[in-house]
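*Asks:* Numbering (our numbering), first residue to last: 11 to 606.
Think of the CB as a built atom: it goes at the ideal place given N, C-alpha and C, for glycine as much as any other residue.
A quick note: this is a predicted structure, and the numbers were derived from the prediction, not measured.
Structure in structure tokens, see below.
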Amino acid sequence: MLIRNSPIVFMMFCLFAMPVVAYSADHNAKIDAELAAARKWPGVIRSDIGVTRGETKIPCLITADDLDFHTSKTRILLVGGLDGWRLSVKASLQAMQWFCTADDAAPFRKKFSVSAVPIVAPDAWATRTIGTNGSGGTTARGYPPKGTAYGDPKSPEANYLWRWIGTHAPDLVVVLESGSGVLPYFPSAGGKPLSKLSAALGATTLRESDDLTSQLVRSKPAGVGSIPAYRLDAPNSGRYLKQLLIAMQESGFHGPSPARREMQRRLKRTPVEVATQLSGHYGHDLNSVAYIPALALVGRMRLGELTNDDSQLADVEKIVFNYFKGDKPTLGKRVGGSNLSGHLVFGELARATGKPRYVELAKIAADLGFDKQGRPKEAMPFHSEMSDAVFMGTPILTQVGRLTGEEKYHDMAIRHMRFMLKLNVRKDGLHRHSPLDETAWGRGNGFPALGLALALGDLPADHPGRNEMLHAFQAHTSALAKHQDPTGMWHQVVDNTGSYRELSCTSMITFALIRGVRNGWLKKDVYGPIINKGYNAVLTRVAPDGTLIDVCTGTGKQKSLRGYFDRTAILGRDPRGGAMALMVTTEMAAWKNAND
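Below you can see the structure in the form of structure tokens.
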């Protein structure tokens, strides 16, 4: 019989009611201690692939070869700790240590590279919980993961791992699991190269199921391509890797995998080729004057200029014709900051065509910065205290100021910028998304970078506030540069490496850096390498058919870091991500044309 007032019952309730984040600091410290030796391994880079429900980071160990999709080496990924079993973690780390440091591994290092995700379920590993991930789910089964990423309340690790492997695109994945077997297990669907390797190792056939190994060869993680894989019951040492490398040489198994070949194809595209592919899927409507469709239209116009294709501009004019005629208002019944920046398309059309009507349309948004007596407001309306508003309100003002020659718009741009920067810039130079929480959201930093990059292009050189805006832009880009991921991406939470690598903010930030270097606002020798890494990262996440990898869905201000972790990362076509990718690819094309 349950005794309702029992102290034992009360204690049990408190135990299970405790938030899982309570142990994140302790678990992260344990992981750091476990991986401390890896810091001394030559060429090894510590990074993270995701974060658990307990906000524990999921670590990975990579090298420069793992960041080079064109390397001649065959790239091997070790995956351990899927089920929380500590022996598989130990086996992955011992194998990588041998490969990186042992003298007898030196010949193999010339032909292979090895990376690892050694602790897929770090909360289970830290608490010595076997058979679960520590939050009521599992990481050993359920592939490909169902549902949206990465806010699964039970098993976010599976989504993080699946998509990360796809974008990492190794040539062979070795999944270390618990078990009593001594032979490796190979999936039957792996194809001839994997079959030959299986024979060389004397492996057992793995029955098809929803385990990671089976599905890597049958599916396309992150939509990239299939990856050969095999499962090995975790041995007592890391020497199994030497046996594998010998067998790979004897059987003739080598990269690139189908996934890596796809990455190579994506990277070979020119900026104009990528922009042309994107323009086939984005920038074909303006149902409401908002920034997402508007920037896609601007991207198409710029593509037309780059390729001397007048049809792009003509098509954009057709799309906006109802607004041009006055048959449809540019501002609907519900107006937000996105609608203000949506008017940038009219300013671009005014520049391209010289038609005064487009200036009138752009002014509709810019004039909202003034009251009925023509006095400047404290800031542009609809800012909602969010850092997004640096983009939503500033560039439309400078654009209209340039088009009309009226100083008041430039003055209002500086006024609005000051208001927003005072509200959200942190001491480290990053923007919190809003005063509601200190989180430096990815797109919440992409917006200010993009907004000031556009505004600086229109603000007169002799304007009293120009140096202030330029300094704000330079300070912010400097702060952002420190947080670029080794892959070239920026994260959903800029300064949290456990959050997912996010495409739209990476596109926006990279655009801002290119625009800054092109105009001499940023030093090419400093930012050129950062731009190249960022742009190449964008290329790997933009497929020829317009599908995109990990674009954060629309996001208002959140109350906590967890809120930003859990925002859906879209895998597929997305107008927001497509518009930003189109902007950065056309900007890169213009920069390359100028350099050539």
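Can the beta-carbon of D233 be found less than 9 Å from the beta-carbon of A553?
*Replies:* Inspection of the sequence shows that residue 233 is occupied by Gly rather than by Asp. For G233 and A553, yes; Cβs fall inside 9 Å.
*Asks:* When we look at the beta-carbon of A74 and count the other beta-carbons within 10 Å, is it buried (16 or more) or exposed?
*Replies:* When all chains shown are included, A74 counts as exposed.
*Asks:* Taking the beta strand (DSSP E) that E416 belongs to, which residues open and close that run?
*Replies:* Unbroken run through E416: none, as it is neither H nor E.
*Asks:* Within 10 angstroms of its Cβ, does F356 collect 16 or more other Cβ (buried), or is it exposed?
*Replies:* Burial call: buried.
*Asks:* Under the three-state reduction of DSSP, which class applies to Y195: helix, strand or coil?
*Replies:* Strand, per DSSP.
*Asks:* When you compare each of S123, D560, K252, K567 to S514 by their alpha carbons, which one comes out closest?
*Replies:* Selected option, being the one with the closest Cα: D560.
*Asks:* Quick check on P339: buried or exposed, where buried means 16 or more other Cβ atoms within 10 Å of its Cβ?
*Replies:* Exposed is the call here.
*Asks:* Is it the case that the region 152 to 165 contacts the region 220 to 238, given that we only count it when at least three CB pairs across the two stretches are under 8 Å?
*Replies:* The answer is yes - the region 152 to 165 touches the region 220 to 238, with three or more Cβ pairs under 8 Å.
*Asks:* Whole beta strand (DSSP E) runs in the region 47 to 107 with 3 or more residues, listed along the chain?
*Replies:* If we require 3 residues or more, the beta strand (DSSP E) runs fully inside the region 47 to 107 come out as 55 to 61, 67 to 72, 84 to 89.
*Asks:* For W607, I'd like the list of residues in its chain whose CB is within less than 7 Å of its CB, leaving aside the five on either flank, ordered along the chain.
*Replies:* Only positions 11 to 606 of the chain appear in the structure, and residue 607 is not among them; the question remains open.
*Asks:* When DSSP labels each residue in this structure, what does H264 get in the three-state scheme?
*Replies:* Correct three-state label for H264: coil.
*Asks:* With distances taken Cα to Cα, identify the nearest neighbour of T563 among Y574, A47, S570.
*Replies:* Ranking the options by Cα distance to T563, first place goes to Y574.
*Asks:* When DSSP labels each residue in this structure, what does I559 get in the three-state scheme?
*Replies:* Reduced to three states, the DSSP call for I559 is strand.
*Asks:* Which residues mark the beginning and the end of the beta strand (DSSP E) in which F122 is found?
*Replies:* Segment 122 to 127, the beta strand (DSSP E) holding F122.
*Asks:* Taking the alpha carbon of I541 as the point to measure from, which residue in E597, K567, V369 has its own alpha carbon closest?
*Replies:* Cα-wise, what sits closest to I541 is E597.
*Asks:* Along the chain, where does the alpha helix (DSSP H) that runs through Y160 open and close?
*Replies:* Unbroken run through Y160: none, as it is neither H nor E.
*Asks:* Pick from S348, M311, R344: whose alpha carbon is nearest that of V330?
*Replies:* Ranking the options by Cα distance to V330, first place goes to M311.
*Asks:* Identify every residue that forms a DSSP beta bridge with W451.
*Replies:* Answer is V503, bridged to W451.
*Asks:* Quick one, which of R270, E358, A131 has its alpha-carbon nearest L77's?
*Replies:* Minimum Cα distance to L77 is reached at R270.
*Asks:* Residue range of the beta strand (DSSP E) that L216 falls in?
*Replies:* Looking at the DSSP string, the run of the beta strand (DSSP E) that includes L216 is 214 to 216.
*Asks:* Does the distance from the C-beta atom of G403 to that of G347 stay below 9 Å?
*Replies:* Yes.
*Asks:* Assign A579 to one of three DSSP states: helix, strand, or coil.
*Replies:* Strand, per DSSP.
*Asks:* Rounding to the nearest angstrom, what Cα-Cα distance links M590 and L305 in this structure?
*Replies:* About 7 Å.
*Asks:* Apply the 10 Å Cβ neighbour rule to I175 and answer buried if 16 or more other Cβ atoms are within range, or exposed otherwise.
*Replies:* Buried, since its Cβ has 16 or more Cβ neighbours within 10 Å.
*Asks:* Mark T84 as exposed unless 16 or more other C-beta atoms lie within 10 angstroms of its C-beta, in which case mark it buried.
*Replies:* Buried, since its Cβ has 16 or more Cβ neighbours within 10 Å.
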